[in-house]
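To keep things clear, I will list the structure first and then write my remarks on it.
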Amino acid sequence: MSYEIVEAMLKRRGVTIESIAEIVFTLQKKFHPELREQECVESVRAVLGKREVQYTLYTGIALDELAEKKLLPQPLQALLEADEPLYGVDETLALGITSVYGMIGLTSFGYLDKEKMGIIETLNDKNSGVHVFLDDLVAGLAAAASARIAHKNISAKNYPFNP
């Protein structure tokens, strides 16, 4: 498997690396005034380069596509068509991506899951296909890429150690 395959799958579903990077930039710009959007693109690509992230995306996208084709067994088909609020498996899958860069990824995911900004909002509108998994997976990607930038921030405060 490769980064190129997962990028093509995302693009086929209407999601670009740049659209995810815009969300990352929005999350991090107030903490990093010098941050450039290209750094956010690179961070998204780094997260997408992880095999466990790729596998998670393959799974979620496949389930969304099968639901669109009405190929899932009941009651799963009905749950995904309704985007059942208590389903929660979509968020659970996305949390696997957020955990790649620690707790800050989890908190950023929670924020994005509520705010639904950018491409996440577009996917969540339910007018352009079934994206039960993809909207959360994109939020997970953006949260992990944002956390990656936060962890690499050279201007983060260092606390003295007094033994």
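Residue numbers for the sequence shown follow the numbering used here, beginning at 8 and rising by one. We put the CB at the ideal spot given by N, CA and C, even for glycine.
Taking a 10 Å sphere around the C-beta of residue 20, we find 16 or more other C-beta atoms and assign the residue as buried.
Counted as a single uninterrupted DSSP element, the alpha helix (DSSP H) harbouring residue 159 occupies residues 141-159. In this structure, the CA atom of residue 62 is about 44 Å from the CA atom of residue 170.
Residue environment for residue 142: buried (at least 16 other C-beta atoms within 10 angstroms of its C-beta). Beyond the five residues adjoining it in sequence on each side, residue 85 comes within less than 6 Å, by CB distance, of no other residue in the same chain. Residue 18 sits in a helix when the DSSP states are folded into three classes. Between the beta-carbon of residue 126 and that of residue 26 there is about 4 Å, and that keeps the pair under the 8 Å contact cut.
In chain order, 42, 47, 153, 156, 157 place their CB closer than 8 Å to the CB of residue 35, counting only its own chain and leaving out the 5 sequence neighbours on each side.
For residue 109, the secondary structure class from DSSP, reduced to helix, strand or coil, is coil. For the pair residue 144 and residue 83, the CB atoms are not nearer than the 7 Å cut-off. Residue 71 and residue 13 have their C-alpha atoms some 15 Å from each other.
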